[in-house]
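Trainee:
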Amino acid sequence: MMVKWIPASLLLLLWLGSLLRVRPWRQAATWSQKLAQFALWSYLLLLIPLCFTPFATHHGAWSGMQPIMVGTAPTNPIPFRGAFTPDFWLNILMTVPFGWLLRQLYHWRWSQIFLAGLALTVLIEGGQFLAGLTVQLNRWADANDIITNVTGTLLGSLLRGLWERFRVQ
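Note that our numbering has the sequence shown beginning at 8, numbered continuously upward.
Structure (structure tokens):
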């Protein structure tokens, strides 16, 4: 049973190593930027247990959908199969802060925000797939999650842009 905690532990070490390597607190010039950097790194830290602890939380329970097994990894490689369940919307909501913070910190173009959301999603879904193959983590690698996570990232960036544009100063 303890072996199922290896992916989360490795990602925690990767997060800590990245934090110590990047040292975002040195890059931020203002307190607002420091707070946003803290929020971004905290957000990434919270994703680790949310996505990699060995507790199955997939929407198959909501939709009655069975996984398509690839070895020992449960997957849903078919976009929109079992979609529009609560976890579909929660995945969008989960990645809105990521897009918001990227827009606040880096002022990237839409293509860069899209690629950052896609990279985060590939890390999560790819990691869940590999963990399913190696330690039978029982977390689904899901095509819907790719769609929803990127959508949430773009939505968060859009909301931040609208907030910047229309806020009263």
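Even for Gly, the Cβ is constructed at its ideal location relative to N, Cα and C.
#1: How is residue 145 classed by DSSP in three states: helix, strand or coil?
#2: Return the chain-ordered list of same chain residues with a C-beta closer than 7 Å to the C-beta of residue 86, the five sequence neighbours on each side being excluded.
#3: Taking all protein chains shown into account, do 16 or more other C-beta atoms lie within 10 angstroms of the C-beta of residue 56, making it buried, or fewer, making it exposed?
#4: Are the beta-carbon atoms of residue 213 and residue 168 separated by less than 8 Å?
#5: With H, G and I counted as helix, E and B as strand and the rest as coil, what does DSSP make of residue 175?
#6: In whole angstroms, what is the alpha-carbon distance linking residue 36 and residue 129?
#7: So what does residue 80 bridge to, in DSSP terms?
#8: Would you mind reading off the limits of the alpha helix (DSSP H) that contains residue 24?
#9: Could you have a look at residue 9 and say whether DSSP puts it in helix, strand or coil?
#10: Would the beta-carbon of residue 52 fall within 8 Å of that of residue 22?
#11: Go ahead and label residue 126 buried or exposed: buried means 16 or more other beta carbons lie within 10 angstroms of its beta carbon, across all protein chains shown.
#12: Apart from the five residues just before and just after residue 123, which ones in its own chain have a Cβ nearer than 6 Å to its Cβ?
#13: Consider the C-beta atom of residue 52 and the heavy atoms of the ligand MG; say whether any pair is separated by less than 7 Å.
#14: Can you tell me the Cβ-Cβ gap for residue 162 and residue 103, rounded? I've got them flagged as a contact below 8 Å.
#15: First and last residue of the alpha helix (DSSP H) that includes residue 72?
#16: Considering only C-alpha positions, which residue in the set 121, 17, 24 and 148 is nearest to residue 73?
#17: Can you give me the Cβ contacts of residue 157 inside the same chain, cut-off strictly under 7 Å, excluding the 5 residues immediately before and after it?
#18: Quick one: is residue 16 buried, meaning 16 or more other Cβ sit within 10 Å of its Cβ, or exposed?
Mentor: Judging by the given coordinates:
#1: The DSSP-derived three-state label of residue 145 is coil.
#2: If we look at residue 86 and ignore the five residues flanking it on each side, its Cβ neighbours are 150, 151 and 154.
#3: Its Cβ having fewer than 16 others within 10 Å, residue 56 is exposed.
#4: Absent from the model: residue 213. The displayed extent of the chain is 8 to 176, so no value can be given.
#5: Coil at residue 175, not helix or strand.
#6: Cα to Cα, residue 36 sits roughly 31 Å from residue 129.
#7: Answer is 77.
#8: Residues 13 to 29.
#9: Of the three classes helix, strand and coil, the one that applies to residue 9 here is helix, per DSSP.
#10: Going by C-beta atoms, residue 52 is nearer than 8 Å to residue 22.
#11: Answer is exposed; the Cβ neighbour count stays below 16.
#12: Within the same chain, residue 123 has close Cβ partners 109.
#13: Looking at this structure, you won't find the ligand MG or any other ligand, since it has none at all.
#14: Contact holds; Cβ gap of about 6 Å.
#15: Taken as a continuous stretch (DSSP letters only), residue 72 belongs to no alpha helix (DSSP H), as it is neither H nor E.
#16: That would be 148, whose Cα lies nearest to the Cα of residue 73.
#17: So the qualifying residues of the chain are 121, 124, 125 and 128.
#18: Burial check for residue 16: the Cβ neighbour count within 10 Å stays below 16, so the residue is exposed.
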